[in-house]
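K.L.:
One structure is given below, represented as structure tokens, and several questions about it will come after.
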Amino acid sequence: MLHYSEVTRDDLEAIINLYEKYLNAGTGVKEYLRRGLEQDRYVGYKCVDGDIMVGLFSARPGIYFTYSHPELEEEIRRGWPEAIYTGDMLAIEEEYRGRGIAHILTKGCCDIVKARGGEHLLVELWVKPNGEEPAGGVIRDMGTGVFEKKWVIPDFYSELHLHGLTCPLCGDGKCACGAVVGVIKL
Ligand SMILES: CC(C)(COP(=O)(O)OP(=O)(O)OC[C@H]1O[C@@H](n2cnc3c(N)ncnc32)[C@H](O)[C@@H]1OP(=O)(O)O)[C@@H](O)C(=O)NCCC(=O)NCCS
Numbered sequence: 001m002l003h004y005s006e007v008t009r010d011d012l013e014a015i016i017n018l019y020e021k022y023l024n025a026g027t028g029v030k031e032y033l034r035r036g037l038e039q040d041r042y043v044g045y046k047c048v049d050g051d052i053m054v055g056l057f058s059a060r061p062g063i064y065f066t067y068s069h070p071e072l073e074e075e076i077r078r079g080w081p082e083a084i085y086t087g088d089m090l091a092i093e094e095e096y097r098g099r100g101i102a103h104i105l106t107k108g109c110c111d112i113v114k115a116r117g118g119e120h121l122l123v124e125l126w127v128k129p130n131g132e133e134p135a136g137g138v139i140r141d142m143g144t145g146v147f148e149k150k151w152v153i154p155d156f157y158s159e160l161h162l163h164g165l166t167c168p169l170c171g172d173g174k175c176a177c178g179a180v181v182g183v184i185k186l
């Protein structure tokens, strides 16, 4: 049976596993995830089947991207100087997809962020080279006009390999994926 709850520090290995399997693997990933989990206001909402974590949506206070994009970060910092969280990761084990788990985790995580004083959520949505946006539907379901502002950036990950990270689709070469970056009012 599926069970939903907040993550604890004991979940670090399961979080790393989901991140490296479905998002990016490489230098710094484990440390980034460990530091997040240890932050006071970090929020991670998980779905567990038995004792296996099968999905997670997490968020942390501040502005973060997969790797630094200084000009965009500065623009967001100026526009939303306070109470902004970044959606860290959304990943569901393959055999559990299409059942609304991401939908439930997104709503659950955003409710906790709001309860802890977060007013905005910065999201970085992966856009595959074929235009597919895996999390597009889940985010659209948050309502029309969900983004206060959004940026469509086709070459967002072009320097991913220079940061020691690999893309699940493009491998360790130059990444051809893009991103939709958006600020959501919670
Ligand atoms: C993207 C991902 C998290 C979606 O997880 P999921 O649990 O299959 O998603 P859901 O079942 O909640 O939603 C799937 C679809 O059903 C729709 N849906 C909405 N409400 C729903 C509900 N109550 N029940 C079921 N489906 C619902 C969603 O809008 C979504 O539409 P889409 O097909 O247009 O995307 C999953 O495919 C994944 O982990 N992919 C790999 C990692 C990744 O791409 N992460 C996002 C990076 S930005």
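Numbering (the numbering used here), first residue to last: 1 to 186. In this text, a Cβ means the ideal position worked out from N, Cα and C, and glycines have one as well.
#1: Tell me the residue span of the alpha helix (DSSP H) that contains Tyr-19.
#2: Could you please give the first and the last residue of the uninterrupted beta strand (DSSP E) stretch that includes Ala-179?
#3: Would you call Val-152 buried or exposed, if buried means 16 or more other Cβ atoms sit within 10 Å of its Cβ?
#4: Keeping to the same chain, check which residues put their C-beta closer than 7 Å to that of Asp-141; ignore five residues upstream and five downstream.
#5: Check for me: the alpha helix (DSSP H) holding Arg-140 runs from which residue to which?
#6: Do you know whose CA, among Cys-177, Gly-173, Lys-150, Arg-97, lies nearest Lys-128's CA?
#7: Mind checking who Tyr-4 pairs with in its DSSP beta bridge?
#8: Considering only heavy atoms of ligand 1, does any lie closer than 7 Å to the CB of Arg-103?
#9: Do you know how far the Cα of Asp-51 is from the Cα of Leu-160?
#10: Inspect the CB distances between the stretch 29–49 and the stretch 5–21 and report whether three or more fall short of 8 Å.
#11: Among Arg-77, Thr-166, Leu-105, Tyr-42, which residue has its Cα nearest to the Cα of Val-183?
#12: Among Leu-37, Asp-155, Gly-143, which one has its Cα closest to the Cα of Met-89?
P.N.:
The answer reads as follows:
#1: 12–22
#2: 178–185
#3: exposed
#4: His-103
#5: 136–140
#6: Ranked by Cα distance from Lys-128, the options Cys-177, Gly-173, Lys-150, Arg-97 are led by Cys-177.
#7: Its beta-bridge partners are Cys-47.
#8: Reading the sequence as shown, one finds His at residue 103 and not Arg. Yes - ligand 1 has a heavy atom lying nearer than 7 Å to the Cβ of His-103.
#9: 33 Å
#10: yes
#11: Of the listed residues, the one whose Cα sits closest to Val-183 is Arg-77.
#12: Leu-37
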